[in-house]
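Below is one structure, written out as structure tokens; comments come after it.
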Amino acid sequence: MTEESASLNFIEQIIADDLAEGFSPDKLRFRFPPEPNGYLHIGHAASICLNFGLGEKHNAPVNLRFDDTNPAKEEQEYVDAIKNDIQWLGFQWATECYSSDYFQQLYDWAIQLIKEGKAYVDGQSAEAMAEQKGTPTTPGVAGPNRDKSMEENLDLFARMKAGEFEQGSYVLRAKIDMASPNMLMRDPILYRVVKKAHHRTGNDWCIYPMYDWTHGESDYIEQISHSLCTLEFKMHRELYDWFLDQIYDPTILRPKQREFARRNLSYTVMSKRKLLELVHSKTVASWDDPRMPTISGLRRRGYTPESIRNFSDLSGISKRDSVTDVSLLEYCIREDLNKSATRVMGVLDPVKLVITNYPSGKTEMLESENNPEDPNSGAHELPFSGELYIEREDFKEEADNKFFRLTLGNEVRLKSAYIIKGESVVKDAAGNITEILCTADLDSRSGSGTEASTRKVKGTLHWVSIPHAIKAEVREYDRLFLEEAPDSHEDKNFMEFVNPNSLKVIKGAYLEPFLKEASKGDKFQFQRLGYFTLDKDSTTDKLVFNKTVGLRDSWAKQNPAPAPQSNQPKQQQPNQGGGQPQGQRSALNEIQKISKKYTNLSGDKLAAARADIAKLAVEVSYEELEPLFQTATKKVGTRIGAMITLGVLLDKGQKRNPEIEAFIAAGLADENEELVNESKGI
RNA sequence: UGGCUUAUGGUGUAACUGGCAACACGUCUGAUUUUGGUUCAGAAGAGUCCAGGUUCGAGCCCUGGUAAGCCAACCA
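The following block contains the structure:
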């Protein structure tokens, strides 16, 4: 009722269908169920945005539930970080829940299962149980403890709980089906003995429930209507349902599990285990290292919540595994920051520039627009003097006229300041440029309104005034991996693809003094360079900026790119047919396009289409056409088009050959009248 | 030698119960621009994994293949 036909993803469709079938909207309830054993990453953002997005859309509660059933791996630190990240993304959960809150209930239900003969205690070794479990292709067999008496099981389970047994010695298993084609149904473990303090329940328990036993029952306890998880849990659904069957009260809501594909991002990895390995191996500095695809890493890198939510929207939800290109993420953050980031100037690779006709020692305050995208953003002061830094790559002694920057004898504008002209250079003994000498058109000051100030020049450069500039550290990041899908190689470990140059620290960057006032987390556009944010490592005497993302750079694309930094994915091969020259392809392509729908046409339209094909056919070579003889019988239109084209070619003098004869013969034998006619005409 | 899932431009997603394959990113033109940014206008690029079938008509339905992912943790 709310939306206007915006297409639904398959999860939304399921919910819409449920609603249409009479499911009460006020019973809709979702949950986001992280295990507190690591930090959230951009893949989790997909799930967060899905669940909380559904909650917002349907005005339904969304619980945050920590799936904390394994005290060996879980910690309070992660709980806090997860809560922080979700709130930062802008979502608010209805209730903060913990699976551990349900330990008693789960235990009671387990007792019930034992009493009903549906669960038993097994004291075999893990190896023995694995052995009996079989393999995906061979069924399992019953172990020796499978048919113990209910009394014995009750006794053993009570003693497990009482701590009488060593960790790893006994487990409680559901008694389901050792021959099931689904390995998860071969008597899965419900409880194991773990003698470790839990972050919430302390030492109350020494037996802990397994995921499968816990998850569905927790959903049931919380009355979650749609339990959404990633595809690798698809097989667990059968178990999820089996467990629910055992305890389910038909008068209240029964949760349903649905699975969607997890989101992968190109040039990074997306599993907590691998992310943890990057941290432990010191490949990155921490979970919130700006190169990490974690929410905290992206935040520190300068990403905004809006950009990440938008990215989730644009990426969509589906059931096929895929790798989303980082360029989409970068697009999202550029789009957001372009609207909001204050424009400033900073020079990362400085070379000195002296304006010889500017009074030495003079300083003047210019005005610099805060954001041209936002007329209400105002302006700030910008000091100017005769000694400046500009970007080293913005100057060449000589260059062709595609270089819109400073050269000797050419004019460029200094952003928000004067138009200058390159006059000469000073070099050191090694031939490196140490100083560029320029003259300025002193009438051309920006905003002065003079005719000179509005002159068009070839380019505009950013700069900082040397006596006023503040020195800062700037950290530039490149993709963490050199391979698009680093963890998709069965023969190679993802760590082999780590990009050794993913971090570039620039100690001596110079920034305009306005930036002295910046607070941590503030976001700026360093004009012509990119978006930057003040890192938490900053101190009052040393500012540290992270480069969030560069501006789109169509200049860099034209260059052969001597820097291996900029990384274009391999260009696609536009030619599919097999080596025809580009120019000729279009005519045949046109013909194919027209032919495709040929059989749907009639009358004048048909005649027109035929004429178009015949006209285009003149430009087609036989070599191009021949592959089309293989066209499937089904694609009659294409075969007719090919036949018409062939007719034109034959008229032009193309000699008949066995392939042509076979194609014509097939045409004559076809059921389609048009095709037969065309074939006869030849 | 099994089971489950998926298959649409370079990438990610659409296409309501069959009706001339759409959107976004990316790529390429051109215009505008005191950011080689933004904005604007436009272009190229897919016969929907393959082979059959049903139908006036199939990406959607049927049959048979192929490929990829997941499944044998006292992890979640």
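Each residue of the first sequence is one higher than the one before, starting from 1 at the first, in UniProt numbering.
Each residue gets a CB set at the ideal place from its N, CA and C atoms; glycine is no exception.
Since this is a predicted model, take the numbers as computed values, not measurements.
Per DSSP, the bridge partner or partners of residue i
i, result
"residue 702", "The chain is shown from 1 up to 682; residue 702 falls before or after that span and cannot be answered."
"W463", "I390"
"Y191", "L172 and P209"
"H198", "G202"
"R65", "C97"
"Q525", "R343 and Y531"
"G422", "L408 and C438"
"F32", "L64"
"A119", "A174"
"R263", "S322"
"G550", "G530"
"F395", "L406"
"T353", "The amino acid at residue 353 is misidentified as Thr; the sequence shows Leu. Answer by DSSP bridge pairing, in chain order: L388 and I436."
"F545", "V474 and L534"
"L276", "Answer is none; L276 lacks a bridge partner."
Three-state class that DSSP yields for residue i in the structure shown
i, result
"M365", "strand"
"H380", "strand"
"T214", "helix"
"G143", "coil"
"F103", "helix"
"N338", "helix"
"P181", "coil"
"T138", "strand"
"Y358", "coil"
"S281", "coil"
"S296", "helix"
"I252", "coil"
"E473", "strand"
"L8", "coil"
"H236", "helix"
"H44", "helix"
"Q580", "Confidence is the limiting factor: at Q580 the pLDDT is only 30, short of 50, which leaves the residue's position unreliable, though a coordinate-based value still follows. Q580 falls in the coil class under three-state DSSP."
"Y78", "helix"
"L675", "helix"
"G508", "strand"
"V269", "coil"
"S385", "strand"
"F663", "helix"
"K427", "strand"
Within 8 Å, strictly: CB atoms of residue i and residue j
i, j, result
"G422", "T407", "yes"
"I682", "L649", "no"
"R29", "S312", "no"
"T135", "G302", "no"
"S385", "S465", "yes"
"N371", "R343", "yes"
"T294", "I333", "no"
"Y477", "S448", "no"
"A469", "E512", "yes"
"Y191", "A110", "yes"
"P107", "I221", "Note on residue identity: the sequence assigns Tyr, not Pro, to residue 107. Taking 8 Å as the Cβ cut-off, Y107 and I221 do not qualify as a contacting pair."
"P188", "G216", "no"
Residue i burial status per 10 Å Cβ neighbour count (16 or more: buried)
i, result
"Q525", "buried"
"Q112", "exposed"
"S169", "exposed"
"R159", "exposed"
"H489", "exposed"
"I252", "exposed"
"M365", "exposed"
"R31", "buried"
"G521", "exposed"
"R610", "buried"
"P181", "exposed"
"H280", "exposed"
Whole-Å CB distance - residue i paired with residue j, under 8 Å assumed
i, j, result
"L228", "I11", "6 Å"
"G550", "G530", "4 Å"
"L184", "H236", "6 Å"
"V425", "L437", "7 Å"
"T69", "P209", "5 Å"
"Q124", "N145", "7 Å"
"A128", "A174", "Their Cβ separation, rounded to whole angstroms, is 18 Å, which puts A128 and A174 out of contact at 8 Å."
"A379", "E387", "In fact, because the Cβ distance is near 24 Å, the residues do not count as touching under 8 Å."
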